[in-house]
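Colleague: Provided herewith is a single structure, encoded as structure tokens, for subsequent inquiry.
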Amino acid sequence: MKRAARLAAILDLLAARGEVSVEDLVERFGASAATTRRDLDSLAERRLLTRTHGGAVAQSVAYELPIRFRSHHATGAKEQIAAVAASLVEPGQVVGLSGGTTTNAIATALAARDDLADRGITVVTNAVNIAAQLAMRPEFKVVVTGGVIHARSFELVGPFVEQLLGGIRLDVAFIGVNGLSADSGASTHDEAEAAVNRMMAQRSDQAVVVADASKIGCTAFAHVGGADLFPLVITDPAVTEDQRAALADAGFEVRTD
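Residues in the sequence shown are numbered from 10 upward in steps of one, following this note's numbering.
Printed below as a string of structure tokens:
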């Protein structure tokens, strides 16, 4: 495993558990104890975790992994999800994209569609990295919400976002989340991002949760919405049959292709 991917995986595990040990990380990722300690020290220097004797703990409950690390996690799964999501978009539609690595992959998939060249689409996003990527396609109209930027996720949040979203309507919105469970619905690590995600979904004729299988069954800090808001979930084939059944019982339609 490359170092960047290993660091991302360590932070993902830390976000899920709250604490990790060097011994467990060595067993899980196969790096030496010395290398693992250097990994933890490097992440601690960037204030992404707090070192303890024999391991590390998360910095806060509402833990958000910086996007530069998340971009190395589950890339194949996110590309699969993006292909399915992009296939739902028709020329001329208004599409909402929240921030995150999965929605960024959807933006990439949309930009690669030659059939959108004639009529194009309008993309409304609160993620500055997604806006910058799609701005290179002149046939796409890109609307950036405004707001206060979260440096870890490149997402804009706050009343300026809500003011813009309150005055528009979307055909479809793809919302990335940190957790999706049958009991708790969709959730994120940050309450401000959750509020924007919720409003973007509410302003859409079709709101879709996009989450790789590692997020299924997980619950993060801030609730976004349940099956009444997100009737459709797109994930990857690694989701288990038990997870699919639980989500279906809760009212979610689950697609992997």
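Ideal placement from N, C-alpha and C gives every residue a C-beta, glycine not left out.
Cβ atoms of Gly-63 and Val-35: under 8 angstroms apart, would you say?
Modeller: The Cβ-Cβ distance between Val-35 and Gly-63 does not fall below 8 angstroms.
Colleague: Beta-carbon within less than 8 angstroms of Asp-214's beta-carbon, same chain only, minus the 5 sequence neighbours each way: which residues are those?
Modeller: Arg-178, Leu-179, Asp-180 and Val-181
Colleague: In angstroms, rounded to a whole number, what distance separates the CA positions of Ser-80 and Ala-18?
Modeller: Reliability of the predicted coordinates at Ser-80 is poor, the pLDDT of 47 falling under 50, and the value obtained from them is presented with this limitation in mind. So the alpha carbons of these two residues sit roughly 11 angstroms apart.
Colleague: Between Leu-174 and Arg-212, how many whole angstroms is the CB-CB distance? I'm expecting something under 8 angstroms.
Modeller: 5 angstroms
Colleague: State the Cα-Cα distance for the pair Thr-45 and Asn-206, rounded to the nearest angstrom.
Modeller: Whole-angstrom Cα-Cα distance: 36 angstroms.
Colleague: Look at the alpha carbon of Asp-192 and the alpha carbon of Ala-259, and state the distance between them as a whole number of angstroms.
Modeller: 7 angstroms
Colleague: Would you mind sorting Val-70 into buried or exposed? The rule is 16 or more other CB atoms within 10 Å of its CB.
Modeller: Annotation note: pLDDT 41 at Val-70 (below 50); position unreliable, coordinate value reported separately. Answer is exposed; the Cβ neighbour count stays below 16.
Colleague: Measure from the alpha carbon of Ser-190 to the alpha carbon of each residue in Val-151, Leu-241 and Leu-256, then state which is nearest.
Modeller: Leu-256
Colleague: Note down, in chain order, each residue of its chain lying with its Cβ closer than 6 angstroms to the Cβ of Pro-100, except the 5 sequence neighbours on either side.
Modeller: Leu-125 and Arg-128
Colleague: Could you have a look at Ile-139 and say whether DSSP puts it in helix, strand or coil?
Modeller: helix
Colleague: Would you kindly check if the distance between the Cβ of Ala-144 and the Cβ of Ala-118 is under 8 angstroms?
Modeller: no
Colleague: Leaving aside the five residues before and after Val-151 along the sequence, list all residues of the same chain whose C-beta is less than 6 angstroms from its C-beta, in chain order.
Modeller: Hits under 6 angstroms: Val-132, Ala-140, Leu-143 and Ala-144.
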